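By numbering that gives the first Met the number 0, the letter at position 38 of the sequence shown is numbered 37, and the numbering carries on one by one without gaps.
To start, the structure itself, in structure tokens.
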Amino acid sequence: MNTLGFLLLAAAMTQAPATDKWDSATALYTFLHEGETVQINIEHGHVSGYVTRKENGTQVDQKFESAVLEGDRLTWSTRPMHGTYFSFDGQISHDPNASKDKRGFYKIRGTVTTHKHGNASEKQLTMQSLPESLQAQ
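As structure tokens, this is what we get:
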């Protein structure tokens with residue numbers, strides 16, 4: 000292998016995949032109603048997380064059954080619980096003029112579908128990251 004080929008190969012190996020740019024977007028996000036949240040974890044482009052919501056006065060967590068991040072597009076679906084699950088399809092972005100200690104540094108805009116006992120309803124939604132000071136709570 001010539002020197003130029005070796006240098007190009009070395010440079011390609013040290014570049015992070017494009018999806019790694021969103022690893023820092025791991026955060027707790029607002030969801031449909033006050034007090035409901037979505038925890039989204041992104042590590043090397045792999046996504047996991049869960050929705051926290053109230054059901055009959057009890058807090059429940061619904062883990063993601065599937066989640067995919069392709070570029071800026073994020074899709075996920077939760078596991079069904081008591082006949083209800085959620086699916087989401089949207090775009091992730093961040094506000095370069097904001098700081099991580101403010102709500103909405105990261106925003107995920109898209110469509111959430113609530114599947115409940117065989118019925119589905121869609122809603123446009125902007126999930127906003129919560130300030131870092133609230134992340135550990």
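We treat Cβ as the ideally placed atom computed from N, Cα and C, and that holds for glycine.
Note that this is a predicted model, so its numbers are computed, not measured.
Between the CA atoms of residue j and residue i - distance to the nearest angstrom
{"i": "G4", "j": "W21", "result": "Model confidence at G4 stands at a pLDDT of 46, short of 50, so the residue's coordinates are unreliable and nothing is read from them."}
{"i": "Q159", "j": "F30", "result": "With the chain running from 0 to 136 in the structure shown, residue 159 is simply not present."}
{"i": "Q38", "j": "K122", "result": "19 Å"}
{"i": "P95", "j": "V67", "result": "24 Å"}
{"i": "T74", "j": "S23", "result": "17 Å"}
{"i": "G56", "j": "E42", "result": "33 Å"}
{"i": "S92", "j": "R108", "result": "8 Å"}
{"i": "V46", "j": "N40", "result": "6 Å"}
{"i": "H32", "j": "G44", "result": "28 Å"}
Residue i - partner residues in DSSP beta bridges
{"i": "G89", "result": "L73, G109"}
{"i": "N40", "result": "S47"}
{"i": "N118", "result": "K115"}
{"i": "S128", "result": "Y28"}
{"i": "K62", "result": "Y49"}
8 Å Cβ shell around residue i - same chain, five flanking residues per side excluded
{"i": "T77", "result": "Y49, V50, Q61, K62, F63, E64, Y84, F85, S86"}
{"i": "H116", "result": "G82, T83"}
Counted within 10 angstroms of its Cβ, other Cβ atoms place residue i as buried (16 or more) or exposed
{"i": "G34", "result": "exposed"}
{"i": "G70", "result": "exposed"}
{"i": "T36", "result": "buried"}
{"i": "M126", "result": "buried"}
6 Å CB neighbourhood of residue i in its chain, flanking five on each side removed
{"i": "S128", "result": "A26, Y28, F104, Y105"}
{"i": "L7", "result": "In this predicted model, L7 has a pLDDT of only 43, less than 50, meaning its place in the structure is not dependable enough to derive any value."}
{"i": "S120", "result": "T113"}
{"i": "E137", "result": "Nothing about residue 137 can be read from this structure; the chain reaches only from 0 to 136."}
{"i": "L124", "result": "V111"}
Nearest-angstrom Cβ-Cβ length linking residue i and residue j, presumed shorter than 8 Å
{"i": "P130", "j": "D100", "result": "5 Å"}
{"i": "R72", "j": "Q90", "result": "6 Å"}
Residue i Cβ short of 7 Å to the ligand ADP heavy atom set
{"i": "D94", "result": "Summarising the ligand content, the structure contains no ligands, and the ligand ADP is consequently not present."}
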